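FYI, in our numbering the residues of the sequence shown are 1 to 700. Following: one structure in structure tokens, then a few remarks.
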Amino acid sequence: MKHTVSTDFGGRPFSIESGEVAKQASGSVVVRYGDTMVLVTAVALPNPREGADFLPLTVNYQEKFYAAGKIPGSFFRREARPSDRETLTSRLIDRPIRPLFPDHWHFETQIMATVLSFDGVNEPSMAAMAGASAALEVSDIPFRGPIAGIRLGRVDGKFIVNPAPEELDASDLDLVLAASRNAIVMVEAGAKQLSEAMMLEALEYAHKAIQPILDLQEELRRKIAPKKREVPTPPEAVSASEKEAFTKAAKAGIAEGYAITEKQARYARLSKAFDDALAVLPEEGRDEKAGALGELFENLKSAHMRGMILDQGKRVDGRDLRTVRPISITPAFLPRTHGSVLFTRGETQAIVVATLGTTEDEQKLDHIDGIAFKKFMLHYNFPPYSVGETSNRLAPGRREIGHGALAERAIKAVLPSMEEFAYTIRVVSDITESNGSSSMATVCGGSLALMDGGVPIKAPVAGVAMGLILEGNKNAILTDILGDEDHLGDMDFKVAGTEEGITALQMDIKVEGITSALMKQAMDQAKDARLHVLGKMREALPAARPDISPYAPRITTIQVPTDRIRDVIGPGGKVIKEIIAKTGCSINIEDDGRVHIASADPEAAAEAIKIIQDLTRDAEVGMVYKGRVTRIMDFGAFIEILPGVEGLVHVSQLDFRRVPNVTDVCAEGEEMVVKCIEIDQAQGRIRLSRKEALYIKPED
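Next up, the structure:
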């Protein structure tokens, strides 16, 4: 039976339907927002995965090109591997719903969101986020929802719910928020140096605006009234007495482990503490009990670390709650790159490199909303050696793509315009050590690498990761968190920005009860830390280099009349190809007549510029030119004074004396210095004189 619920969301109709499409899934809905439609399905297998001690959840978001009446531009003309945008949207859906599954849910579970129709205005990702929650709500899968997502823009000081593309282009805020009825659970935001107060106001506005979508899901669930599965309680593999003995033996080793400030040594001691505690149990059956006791050991570690912070104000590495780890910065770390830096903060380190390219290096993106070209790219790599591990997977995964997107968003807000700096820019961050906040090290390193490369950014950008421990009336906000604090804490809160304001924000909240006052305190503490880091960055590199690297292509931009672009390109691109072949320069022409000439050789660039200027220059009366004789007639000679521009030197203008034959003075192919004495615009004729130029030095 088909069920439909609908409401108004951001001034546009929003509906959720269930019971007509994909009925064999555990739960399925079709979400419609305007004429954008997304099918979202949820499936959980009937039996738990054997040996699983984690939540086996997979979320896949996919855009079908037929949704926008397009054929994919790939070689195979079909949708292939997920684009970065699809991967990032999958993460946006996964992060808020993952904590809402019950403990011990070990059934293989998959959420699939498929864009079926796209109207070019209403973004499908927000519909997919609500659809994922709704599909779980109407299924037999236990789920502590609902949640929903919203995108918020801000134009001329006014917030806009789910802005259209043109509104988002004009917005100084791009905020994506997921929330339940009473709590914000996930935030991703980019901003143009917005204040902390304005960001807090945006979060509160978005949370209120999302409520109708939560009402809609609850209405649909009441109509369908699904029967939820019972969550099987795993059998007790360890007796109460064994747990007690293990706990008693483990606590001392855990305390010793967390007294060690160095990461690898601490991990080694904690690993030994587990083995020592396990050894107090009878040898028979010990291996079978290790899994259950591993979960208990993690809980004991969490309790000890959280107690240290809440009761003693002491952190794992010995810092207080507000101190940023020591920072070391080495600009120009690599000798032949265009810009580079080695950025180290505590036990987190990144080599970040900036590379400058031309328009030919832009990334072409083929999406359902059209083809776009990307002039700024930031790629983040997290090799296994950075945490002392090995792995056969070297291609970037979802985490790497997500971290790179966050850092890219943070830095993009301060990049110069193409008119100011006509380069395609790629930043690569290779994490060489990691113990917390490698994405924020990428933000700092990326900003410094651009400055080292001579990119005139508006202001340096720094980032810091914040954490939160919350138990009852006790709370502690942590600055510059470690990996352990991220894993065992209640909030992961990353803020990047300049001295003026925030450029990027990412937040994952694992618990309810985080008040506006607590959020404001975290924002203020993050600002203090950011300003501290910016101070350290300024000490290492006070400003962008005054010039780009000698190894980078130098781009010179000149303007030609739009009606002369065809003269530079030539039929079938013949002319521009000849210029490129002759000079070795890279040449790109914009529709508005801007011509970008790129070369590491100044002489080659100057030659290309002269050729293009000559091709597009008009003859001027009174100017002297060095031309080439193209034709000889009885009445005079035709001279090419500019590429494709000819004029006539009448026989009477060849010399002060009488010239019986034109060939007495010149021959075809010879160079001749002439002066332009008249231009007949109506007839398109140019009159030249050799005799008036005999004693004038020609223009080169």
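Beta carbons are placed, not taken as given, at the ideal position from N, Cα and C, and that holds for glycine. Nothing here was measured: the structure is a model prediction, and the numbers come from that model.
Start and end of the alpha helix (DSSP H) containing residue i?
{"i": "K263", "result": "263-278"}
{"i": "R530", "result": "516-540"}
{"i": "A130", "result": "124-137"}
{"i": "H304", "result": "286-312"}
{"i": "P331", "result": "Here P331 belongs to no alpha helix (DSSP H); instead the beta strand (DSSP E) covers 327-331."}
{"i": "E86", "result": "84-97"}
{"i": "Q211", "result": "211-224"}
{"i": "V241", "result": "For the sequence presented, residue 241 should be read as Ser rather than Val. 240-257 is the span of the alpha helix (DSSP H), which, as asked, contains S241."}
Suppose you measure from the CA of residue i to the CA of residue j; what does that come to, to the nearest Å?
{"i": "Q193", "j": "L116", "result": "36 Å"}
{"i": "A25", "j": "V43", "result": "5 Å"}
{"i": "V38", "j": "A405", "result": "24 Å"}
{"i": "N435", "j": "K263", "result": "8 Å"}
{"i": "V464", "j": "I576", "result": "48 Å"}
{"i": "L200", "j": "T562", "result": "47 Å"}
{"i": "K536", "j": "I327", "result": "7 Å"}
{"i": "M440", "j": "A407", "result": "7 Å"}
{"i": "N392", "j": "T432", "result": "17 Å"}
{"i": "Y205", "j": "V455", "result": "36 Å"}
{"i": "S417", "j": "D35", "result": "35 Å"}
{"i": "D275", "j": "S241", "result": "18 Å"}
{"i": "A600", "j": "M451", "result": "19 Å"}
{"i": "I371", "j": "R77", "result": "15 Å"}
{"i": "F107", "j": "A52", "result": "9 Å"}
{"i": "P602", "j": "F382", "result": "38 Å"}
{"i": "K375", "j": "D361", "result": "8 Å"}
{"i": "R566", "j": "G584", "result": "21 Å"}
{"i": "I368", "j": "D169", "result": "18 Å"}
{"i": "M519", "j": "N473", "result": "15 Å"}
{"i": "L92", "j": "M112", "result": "13 Å"}
{"i": "S731", "j": "M377", "result": "Because the chain spans 1 through 700 in this model, residue 731 falls outside it and cannot be assessed."}
{"i": "S550", "j": "H532", "result": "Note that residue 550 is Pro in the sequence shown, not Ser. Roughly 33 Å separates the two Cα atoms."}
{"i": "K626", "j": "L615", "result": "14 Å"}
{"i": "Y258", "j": "R325", "result": "17 Å"}
Taking the continuous beta strand (DSSP E) assigned at residue i, which residues delimit it?
{"i": "S599", "result": "594-599"}
{"i": "F14", "result": "12-18"}
{"i": "K675", "result": "671-680"}
Check whether the Cβ atoms of residue i and residue j lie closer than 8 Å to each other.
{"i": "L100", "j": "G145", "result": "yes"}
{"i": "A237", "j": "E288", "result": "yes"}
{"i": "P331", "j": "L415", "result": "no"}
{"i": "Y33", "j": "A127", "result": "yes"}
{"i": "M1", "j": "P96", "result": "no"}
{"i": "T358", "j": "H596", "result": "yes"}
{"i": "T109", "j": "I147", "result": "no"}
{"i": "I569", "j": "I589", "result": "yes"}
{"i": "A751", "j": "V280", "result": "Past the edges of the chain, shown from 1 to 700, lies residue 751, and the structure says nothing about it."}
{"i": "A67", "j": "T41", "result": "no"}
{"i": "S438", "j": "I481", "result": "no"}
{"i": "A132", "j": "I509", "result": "no"}
{"i": "I579", "j": "A604", "result": "no"}
{"i": "V138", "j": "R269", "result": "no"}
{"i": "T261", "j": "T479", "result": "no"}
{"i": "I677", "j": "S689", "result": "yes"}
{"i": "P72", "j": "D366", "result": "yes"}
{"i": "D486", "j": "L470", "result": "no"}
{"i": "P396", "j": "T390", "result": "no"}
Name the residue from the options whose alpha carbon lies nearest to the alpha carbon of residue i.
{"i": "A209", "options": "L152, K70, E230", "result": "L152"}
{"i": "H379", "options": "D680, T355, P163, V428", "result": "V428"}
{"i": "A504", "options": "C444, N475, D486", "result": "C444"}
{"i": "V621", "options": "A637, R594, G647", "result": "G647"}
{"i": "D215", "options": "D8, I565, I481", "result": "D8"}
{"i": "I224", "options": "S125, T4, P234", "result": "T4"}
{"i": "M308", "options": "E219, A476, I16", "result": "A476"}
{"i": "P749", "options": "I111, I609, E539, A608", "result": "No information on residue 749 is available, as it lies outside the stretch 1 to 700 that the chain covers here."}
{"i": "R628", "options": "C666, K582, M672, D664", "result": "M672"}
{"i": "I254", "options": "T344, R306, R286", "result": "R306"}
{"i": "R398", "options": "D634, T89, C676", "result": "T89"}
{"i": "E63", "options": "N47, G318, A80, V511", "result": "A80"}
{"i": "V674", "options": "K412, V659, E692", "result": "E692"}
{"i": "L642", "options": "I611, S6, F75, P226", "result": "I611"}
{"i": "S83", "options": "D94, R98, F65, G69", "result": "F65"}
- [ ] Report the residue ranges of all alpha helix (DSSP H) runs contained in full by the segment 153-199; include only those spanning at least 4 residues, in chain order.
- [x] Runs found: 165-169.
Task: Contained beta strand (DSSP E) runs [length at least 3] in the segment 351-428, N- to C-terminal order - done: 363-367, 370-374, 376-381
Task: beta strand (DSSP E) segments (min. 3 residues) lying fully within the segment 425-495 - done: Correct list: 462-471, 474-479.
Open item on the list: My parser needs the beta strand (DSSP E) runs of 3 or more residues fully inside the segment 32-79; what are they?
Closed with: 36-48, 57-63, all fully within the segment 32-79.
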